[in-house]
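For the sequence shown, our numbering gives the first residue as 15, with consecutive numbering after it.
Every residue gets a Cβ at the ideal spot worked out from N, C-alpha and C, and that includes glycine.
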Amino acid sequence: MEEKIEFWLPDSEWHTKAHSARVLLLTLLIGHQKGLSDEELDALGMAAIFHDSRRLDDGIDKGHGSRAAEYYKDYCSKNDLSYNTQTYYITYYHDQDDSVGLLEIAKSPSLSERAVLLYQIFKDADALDRFRLGPDGLDVKFLRTEEAHRLVDFAKYLLQKISETNE
Ligand SMILES: [Fe+2]
Ligand SMILES: [Fe+2]
15 MEEKIEFWLP DSEWHTKAHS ARVLLLTLLI GHQKGLSDEE LDALGMAAIF HDSRRLDDGI
75 DKGHGSRAAE YYKDYCSKND LSYNTQTYYI TYYHDQDDSV GLLEIAKSPS LSERAVLLYQ
135 IFKDADALDR FRLGPDGLDV KFLRTEEAHR LVDFAKYLLQ KISETNE
């Protein structure tokens with residue numbers, strides 16, 4: 015990710031590669047606790063790497079998910095990487111409301127019902143890194159999985175350690 019994935023907003027304050035790296039770690043932690051297969055963990059990891067790569071601004075920027083999903087798809091074909099439909103959909107809808115994302119994923123014929131769980135795990139991992147915005151950056155009642163609730167303190171600790179290292 016550091017060398018090969020191009021981010022459109024390299025000077026972003028909030029959606030840096032470091033954010034994506036923390037989401038990668040958090041998504042794998044939740045996924046591991048949920049007992050996901052290696053393939054499912056890979057799918058989540060790739061979504062973490064690509065999900066904010068096509069932002070045009072640091073706001074809501076609805077549509078950055080679909081742009082990132084296209085970038086992921088294109089990247090796979092150009093680099094001979096195996097393409098995963100779940101990664102595509104999770105990335106595509108991660109910037110949408112759950113009601114929209116879950117509906118689209120549930121009705122997609124190419125996805126199994128596991129994709130709904132993966133989407134929820136991904137959104138929780140992305141949400142857990144909202145503490146970078148400040149101590150009130152995340153209202154934990156919106157977390158979807160039990161595992162993410164248990165990782166709240168760890169997510170805060172991770173950010174604190176990083177800020178200490180950068181001082
Ligand atoms: Fe995003
Ligand atoms: Fe994100």
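Taking non-hydrogen atoms of ligand 2 into account, the C-beta of residue 140 is found less than 6 Å away from one of them. Minimum Cα-Cα distance from residue 84 among the listed residues 104, 72 and 71 corresponds to 104. For a cut-off of 8 Å, the C-beta gap from residue 28 to residue 67 is around 14 Å, too long to register as a contact. For the pair of segments examined, the region 148-156 was found not to touch the region 73-93: the number of CB pairs separated by less than 8 Å stays below three. Contact check between the region 27-46 and the region 164-174: three or more CB pairs, one atom from each, fall below 8 Å, which counts as touching.
Nearest neighbour of residue 59 by Cα position, chosen from 116, 132 and 110, turns out to be 132.
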